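*Asks:* For reference, each letter of the sequence shown is one residue, going 276 to 335 in my numbering.
Where a beta carbon is used, it is the ideal one built from N, C-alpha and C, also for glycine.
Just so we're clear, the structure is a prediction, and the values are computed from it rather than from any experiment.
Just dropping this structure here.
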Amino acid sequence: MKSMKSLTVILSALVLLGSLSMASAESCCDKAKAKGQACAHKCCVEAKKDGKVCEKCNPK
Ligand SMILES: [Zn+2]
Ligand SMILES: [Zn+2]
């Protein structure tokens, strides 16, 4: 059962790594845009009000 457990740990680590690299490749605003929606993050909504892009979620 020990090998089963380590396999599960490795698999979940891979999934986590995959989702992390996905998140860095696309910002929350890009994801929302892809769905034809505006980003629902409070910081992004505030930035959009000022006609800007949220720098916190969209670093240069
Ligand atoms: Zn956003
Ligand atoms: Zn933001």
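Would you say residue 331 touches ligand 2, meaning its beta carbon is less than 7 angstroms from a heavy atom?
*Replies:* Along the sequence shown, one-based indexing puts residue 331 at 56. At least one heavy atom of ligand 2 is found less than 7 angstroms from the C-beta of residue 331.
*Asks:* Please classify residue 318: is it buried, with 16 or more other beta-carbons within 10 angstroms of its beta-carbon, or exposed?
*Replies:* On the sequence shown, residue 318 is found 43 positions in, with the first residue counted as 1. It is exposed - the Cβ of residue 318 has fewer than 16 other Cβ atoms within 10 Å.
*Asks:* Between which two residues does the alpha helix (DSSP H) harbouring residue 318 extend?
*Replies:* Numbered from 1 along the sequence shown, position 43 holds the residue referred to as residue 318. Note, residue 318: alpha helix (DSSP H), 317-324.
*Asks:* What's the C-alpha gap between residue 283 and residue 277?
*Replies:* For the purposes of this step, residue 283 is taken as residue 8 along the sequence shown, with counting starting at 1. For the purposes of this step, residue 277 is taken as residue 2 along the sequence shown, with counting starting at 1. Roughly 10 angstroms between the two C-alpha positions.
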